[in-house]
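K.L.:
The sequence shown maps to residues 1 to 504 in the working numbering. Note that the Cβ used here is the ideal one computed from N, Cα and C, for glycine as well. There's a structure below that I have some questions on.
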Amino acid sequence: MKSVISTPLMKEQMKRIWPMMLLTFLGYGLALLLPIFLQTGGADSVVRAQRMIDLLAMRQPVMLVSMIMIPVVVILLLFSHLFDSKAMSVYSSFSDNKTQLFWTSALSGWLVMVLPLLAMSALLLIRVRYSGSVDVLEFPTALFSRGIVSGEVINTFSVVAMFFLRSLIIVTFYFSLFLLAVTVSGNWVIASLLFAIFPFIPTLIHRLIQTIAAMYVFGYVPINALDSQVIFTYSNPIAWFWSFGQNAQPIFLLIYISMTLVILFLAYLSFTQRKVEKTEEPIVFTNFKHLLIFLLSVAGMLAMGAYLMDFFSGRWFMYYGFVIGFSFTFVIAQMIVKKRFNVITEVKWLMPMMGIVLSLYGVMLLVTNFGVRTYTNHVPAVSQVEGIYVSHEGQMKGNDFSTDDQMIQDTINLHHQIIGTRSVTGRDWRDLSRNERRDIRSDEREHRKNMQEAFWQSITGNGERFIENGGEHIYITYLLSDNERIHRRYALPGTFVSAMAESE
């Protein structure tokens, strides 16, 4: 069975890139280790201890930047041949087995990153004690679970080992991610753009879903403003320093390692499937090229739609912006991919892609109008509610609930009016005449139309028309008996606000 590692190729690569390994170690030493170990005695011991803590807790900006930039430089050194047909031929002379070429290069690059980290971690085991007051030190309890005791060693073996493990996972993750970007690209410009975009894809998807929900799901309000940061942390190990500063969970290890293995496998598939004749094209895979153009066009569509909606203070201008933004970005993306200005022949793809967008929009409307009725129509029963919070200023922060029974009942009644819950149901509804039912349905449609119009007015043109028409926002939070919370936000039209005032 043929080995997946080519020893001659690895020797040749290590001869070429060993200076990178040496420079990385020297950089770690000068920027991170010397500032710690040169501090001695007196007040300087506080600085020394805090610098050691910050490094082990990954609060050093130099360390964080290096864990992204070093994988980039290593990839540049080892995989630059992918963008040059002649270099690709020379490189392939070591082996005609793409699997062997890929894993040999990947292992060489990984060693160049990991060995300096291992050497630095070994030096970090040189004991650093702190004998002063621990009250002046800032340290994450998740990392220093026993705290820091005056006179004891700060950089224990377990803490340094955790530092090395986290560093190892982070550099391997970004090495794999940039490797994937390189293997699907035909030049460094596209590879760099993809590498900059890939880490944010889960966060962007999350923000897009939240935005759609806020615009099309009646009453929706994001429960936690930090949700996007949490998504970013789970999908980017570089944010691990932030999570360790608060509450690090072992599941992070499993998530990052799993994602790294998946990304590395995708990079391997891409490397082995790319064709030599596609070497100097911006995107070497046709299907991925179409997907990328589509996603860029959608991004342009959303940006232009949001801009025109806000600039002209009208909902329909958003749809005009969608058409203009998608078409314009599609043409620009085709020019970039084709590396020419004449892309008339590619316009044939514009209508099918717009058809896909319209289909997705239709599905979204079906989901937001019918698939989430349980959410939009849900009002808890009085018996379920322990406390209530109502405000026109903003979403609830804290636990300042009112337990007044009358206020709870009035708020629930108001909530039913806002969502247009039919007051006549069951047998009473069946006893009504056809004209009476028609009038009630007409009133319901008018109510929904007014609510919808008020919402769009509230998010366009800084809400000026909404305010001029006497509209108000209302935020409702229920505390249920099982400690669950229900959050809702509504834009109330001026007519509804006036009717509420008159009824009081």
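#1: Short of 8 Å in beta carbon distance, which residues of its chain neighbour Glu453, apart from the five on each side in sequence? Order them along the chain.
#2: Where are the beta strand (DSSP E) runs, 3 residues long or more, that stay fully inside the region 378 to 444, in chain order?
#3: Where does Ala491 sit, in a helix, a strand or coil, going by DSSP?
#4: State the start and end residues of the unbroken beta strand (DSSP E) segment that holds Tyr478.
#5: Could you pull the start and end residues of the alpha helix (DSSP H) that Ala181 belongs to?
#6: How big is the Cα-Cα spacing for Leu165 and Ser105?
#7: From the DSSP output, in three-state form, read off Arg51 for me.
#8: Compute the Euclidean distance between the alpha carbons of Gly245 and Tyr174, then round it to the nearest angstrom.
#9: Are there three or more Cβ pairs, one per stretch, closer than 8 Å when the region 295 to 311 is compared with the region 324 to 337?
#10: According to the Cβ coordinates, are Leu101 and Thr183 closer than 8 Å?
#11: What residue does the alpha helix (DSSP H) around Leu38 start on, and which one ends it?
#12: DSSP has Arg485 in a bridge; who is on the other side?
#13: Could you tell me which of Ile408, Ile418 and Thr411 sits nearest to Asn377, measuring between CA atoms?
#14: Please state if the CB of Ser167 and the CB of Met67 are separated by a distance shorter than 8 Å.
#15: Inspect the beta-carbon positions of Ile474 and His392 and report whether they are closer than 8 Å.
#16: In angstroms with no decimal places, state the Cα-to-Cα distance between Met451 and Arg434.
#17: Do you know whose CA, among Leu117, Ile148, Ile126 and Glu468, lies nearest Gly132's CA?
#18: Label Ile251 either buried or exposed according to how many other C-beta atoms from any shown protein chain fall within 10 Å of its C-beta, with 16 as the threshold for buried.
#19: Measuring alpha carbon to alpha carbon, tell me which of Val128, Ile293, Thr329 and Gly186 ends up nearest Val506.
#20: Reducing DSSP to helix, strand and coil, say where Arg59 ends up.
#21: Can you tell me where the alpha helix (DSSP H) with Tyr268 in it begins and where it stops?
#22: Output yes or no for whether 8 Å exceeds the beta carbon distance between Phe200 and Ala181.
#23: Are Thr203 and Ser235 closer than 8 Å when you measure CB to CB?
#24: Around the C-beta of Glu484, are 16 or more other C-beta atoms found within 10 angstroms, so that it is buried, or is it exposed?
P.N.:
According to the data block:
#1: Closer than 8 Å at the Cβ level, and outside the excluded window around Glu453, lie Pro493.
#2: Those beta strand (DSSP E) runs which fall completely within the region 378 to 444 and span 3+ residues are 385 to 391.
#3: If DSSP states are grouped into helix, strand and coil, Ala491 belongs with the strands.
#4: Unbroken beta strand (DSSP E) run through Tyr478: Glu472 to Leu480.
#5: For Ala181, the uninterrupted alpha helix (DSSP H) run begins and ends at Phe157 to Thr183, by DSSP.
#6: Looking at the two C-alpha atoms, the distance is approximately 22 Å.
#7: Residue state, collapsed to three classes: helix.
#8: In this prediction, Gly245 has a pLDDT of 47, which is less than 50 and means its spatial position is unreliable; what the coordinates show is noted afterwards. Whole-angstrom Cα-Cα distance: 21 Å.
#9: Between the region 295 to 311 and the region 324 to 337 there are three or more inter-stretch CB-CB distances shorter than 8 Å, so the stretches are counted as touching.
#10: No, they are not a contact pair.
#11: Run containing Leu38: none; DSSP gives neither H nor E here.
#12: Bridge partners of Arg485: Leu479.
#13: That would be Ile418, whose Cα lies nearest to the Cα of Asn377.
#14: The criterion of a C-beta distance shorter than 8 Å is satisfied by Met67 and Ser167.
#15: Yes. Within cutoff.
#16: So the alpha carbons of these two residues sit roughly 26 Å apart.
#17: For Gly132, the nearest C-alpha among the options comes from Ile148.
#18: So Ile251 counts as exposed.
#19: Outside the shown range of the chain (1 to 504) lies residue 506, about which nothing can therefore be said.
#20: If DSSP states are grouped into helix, strand and coil, Arg59 belongs with coil.
#21: Start and end: Ile251 to Gln273.
#22: Not a contact, by the Cβ cut-off of 8 Å.
#23: Yes, they are a contact pair.
#24: Its Cβ having fewer than 16 others within 10 Å, Glu484 is exposed.
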